[in-house]
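Engineer: Position 13, counted from 1, in the sequence shown is what this note's numbering calls 19; the numbers after and before it change by one each time, with no gaps. Yeah, the Cβ is synthetic: ideal placement off N, Cα and C, and Gly gets one too. It should be emphasised that the depicted structure is a prediction, and the values quoted were computed from it without experimental measurement.
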Amino acid sequence: MAVRTVVVCEAQVPFVEGGAEFHVRALVTQLREHGYQTELVSVPFKWYQKKEILAHATIWRLLDLSESNGQA
């Protein structure tokens, strides 16, 4: 059977933890329990003016996630 790999990405506000973070961690846990090789990638996020938020979103799209934890 082929290894099923999933990369879960989250926007993480430094020093903030709440519902979104709990949901992401629960998703990762459930995927692992169902046999998926799962990596969690936390991308820094800070609240700025609207134009800065859009710039951050553009940068997130440029992340190369084709390799995770030394594996393609």
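1. Can the beta-carbon of residue 26 be found closer than 7 Å to that of residue 49?
2. Spell out the partners DSSP gives residue 11 in its beta bridges.
3. Residue 44 to residue 12, Cα distance in whole Å?
4. Whole angstroms are fine: how far does the CA of residue 23 sit from the CA of residue 36?
5. Since I believe residue 30 is in contact with residue 9 (beta carbons under 8 Å), could you give me their beta-carbon distance rounded to a whole number of angstroms?
Structural biologist: Quick answer:
1. Taking the sequence shown and counting its residues from 1, the one referred to as residue 26 is at position 20. Taking the sequence shown and counting its residues from 1, the one referred to as residue 49 is at position 43. Going by C-beta atoms, residue 26 is not nearer than 7 Å to residue 49.
2. Walking along the sequence shown from the start, residue 11 turns up at place 5. Its beta-bridge partners are 43.
3. For this step, residue 44 is matched to residue 38 along the sequence shown. For this step, residue 12 is matched to residue 6 along the sequence shown. Those two C-alpha atoms are separated by around 5 Å.
4. Along the sequence shown, read from residue 1 onward, the residue named residue 36 stands at position 30. Along the sequence shown, read from residue 1 onward, the residue named residue 23 stands at position 17. C-alpha separation (whole angstroms): 20 Å.
5. On the sequence shown, position 3 is the one that residue 9 refers to. On the sequence shown, position 24 is the one that residue 30 refers to. The Cβ separation is near 22 Å, so there is no contact.
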